[in-house]
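Read through the structure below, which is laid out as structure tokens, and then see the notes.
Encoded structure:
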């Protein structure tokens, strides 16, 4: 009924026709298109925008979760690095202590070996001296015996024999056991 009233108020001969004012026509057309777009496409666009917003929020949440996981892994890696560094320092200290101990042991062993070699050398020298003294003594004794034999063979007459026997008899008679 409202439409009918509108039509009644329209002057005759001025109904639908060509409007030469392009600006007004464009504005009306644009308003109609925008109204249709908003009515029919608005819900779809809102739905797409909401989906996009939700996708962005989910992506941000996942990125934040990954960042937290990366932070946790980084913390674990730092803790492992610190532990490995402490372990390496401990191993280095143990290695240095072992090296120093081995060096002391080697020096002591070398010193003991040197002392033993000097003792062996001194003992070898004493043994060689004893051998040399024994050889010289043997030579002296054999030379002395040879001289005594030579003198005995040269002086072996009856008077000398008798004087030697008398001398030995006197020695035996004067001998008293203790």
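Residue numbers (the UniProt record's numbering): 1 to 178.
We treat Cβ as the ideally placed atom computed from N, Cα and C, and that holds for glycine.
- Membership of residue 172 in the alpha helix (DSSP H) is indicated by the continuous run 158-174.
- Our two residues, residue 54 and residue 64, have alpha carbons roughly 15 Å apart in a direct line.
- Residue state for residue 21 is assigned as coil, using DSSP reduced to three classes.
- Across the structure, residue 177 and residue 152 are spaced so that their CA atoms are roughly 30 Å apart.
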